[in-house]
Amino acid sequence: EVAAQDAQTQHVAPARERPQGHAHGAPDALPGTHAAGPRLVADDLADDLLFSPGVLDSLPTLGADAVHILQPGGLGFDDVEDLLTELRHELRSFADPEQARFLSGYFKTGPQQYAAGDRFLGIRVPAIRKLARTCHGLSLEDLDCLLKSRWHEERLLALVILVARHRKSSPEDQRTLCRFYLSRTSSINNWDLVDISAGQIVGGTLDPNQIGELERLAHSTCLWERRIAIISTSFWIKQAIVSPTLHIAGL
594 EVAAQDAQTQ HVAPARERPQ GHAHGAPDAL PGTHAAGPRL VADDLADDLL FSPGVLDSLP
654 TLGADAVHIL QPGGLGFDDV EDLLTELRHE LRSFADPEQA RFLSGYFKTG PQQYAAGDRF
714 LGIRVPAIRK LARTCHGLSL EDLDCLLKSR WHEERLLALV ILVARHRKSS PEDQRTLCRF
774 YLSRTSSINN WDLVDISAGQ IVGGTLDPNQ IGELERLAHS TCLWERRIAI ISTSFWIKQA
834 IVSPTLHIAG L
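594 is the number of the first residue of the sequence shown in the numbering used here; add one for each residue after it.
See the structure below:
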């Protein structure tokens, strides 16, 4: 994360509009969430469910089915397309196209490189952390949408939120978040995404004496799953427990 922040500049440029995506259905129900009703959300809008304090203050009173995104376990959220568009514009206000081009090279997104095809908006990590502090009400469904985003920074935002939520959760809820995380490793597909999240979410959940899941990841053909396996053990290193790290490193 430090390296990623050092690679980014202080400049913030105005956002540019991007085309609407095509409509899609809601993801499967996730642990800890209620089944939602129909969700009128396009792919790009679903990637941008980010809320700031007071954003609803100037809007008319919304129906009871318009609070799903704001309150975990709420109902369907199918009547606020204009609101989601405004939120997308707010997120894009942090984007810097010049920085996006630099980060695309820094994170090796070219053909046959380790992050081939990854796309960047050029948003600095401090701005992402600031946004994350306004997103306490996002459900796992909403975080799932962010993790499925084509944009690197939006996946990073979801992981920052998950880490903060994991730290404050009960052991039972931590296990739910860990299962959610491990079921979506295909979206955790660059070194900064792994390094900012695996130690707390996986290492902070598993018993260091029962690391069968890490052994499975360590034998994966996916570079990032193998990285998750070893970075997860960093949580225990801070507690002077080093045997899991040595074991995973030797596989």
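All residues carry an ideal CB built from backbone N, CA and C; glycine is no exception.
8 Å Cβ cutoff met for residue i and residue j
i       : j       : result
Gly-805 : Phe-828 : no
Leu-752 : Ile-716 : no
Leu-786 : Leu-750 : no
Leu-755 : Arg-748 : no
Gln-803 : Arg-760 : no
Ile-781 : Glu-746 : no
Ser-763 : Leu-770 : no
Pro-801 : Ile-841 : no
Leu-589 : Glu-808 : Residue coverage of the chain in this structure runs from 594 to 844, which leaves residue 589 outside it and unanswerable.
Arg-768 : Thr-798 : yes
Ala-791 : Ser-836 : no
Residue span of the alpha helix (DSSP H) that contains residue i, given as start and end
i       : result
Ile-824 : 816 to 825
Ile-716 : Unbroken run through Ile-716: none, as it is neither H nor E.
Pro-764 : 764 to 775
Tyr-707 : Note, Tyr-707: premise wrong, no alpha helix (DSSP H); not H, not E.
Pro-837 : 836 to 842
Helix, strand or coil at residue i according to DSSP, with G and I counted as helix
i       : result
Arg-722 : helix
Leu-731 : coil
Pro-653 : Low confidence applies here, because Pro-653 scores a pLDDT of 36, under 50, leaving its location unreliable; read the following figure in that light. Pro-653 falls in the coil class under three-state DSSP.
Ile-662 : Residue confidence is low: Ile-662 scores 33 on pLDDT, short of 50, so the model does not pin down where it sits. No coordinate-derived value is stated.
His-781 : At residue 781 the sequence reads Ile, which differs from the His that was named. Note: Ile-781 maps to coil in three-state DSSP.
Phe-700 : coil
His-812 : coil
Best match in the options for proximity to residue i [C-alpha to C-alpha]
i       : options                               : result
Gly-710 : Ala-720, Arg-743, Cys-815 and Ser-779 : Arg-743
Asp-737 : Thr-838, Leu-775, Ser-825 and Gln-705 : Leu-775
Tyr-707 : Leu-799, Glu-765, Trp-784 and His-812 : Trp-784
Gly-698 : Ile-823, Leu-714 and Cys-728          : Leu-714
Thr-814 : Thr-702, Pro-704, Ser-779 and Asp-766 : Ser-779
Arg-845 : Arg-712, Ile-824 and His-812          : Because the chain here runs from 594 to 844, residue 845 falls outside it and cannot be looked at.
Asp-689 : Lys-741, Val-718, Lys-701 and Gly-703 : Val-718
Leu-684 : Glu-734, Cys-728, Gln-705 and Ile-824 : Cys-728
Beta bridge counterpart(s) of residue i as assigned by DSSP
i       : result
Trp-744 : Arg-712
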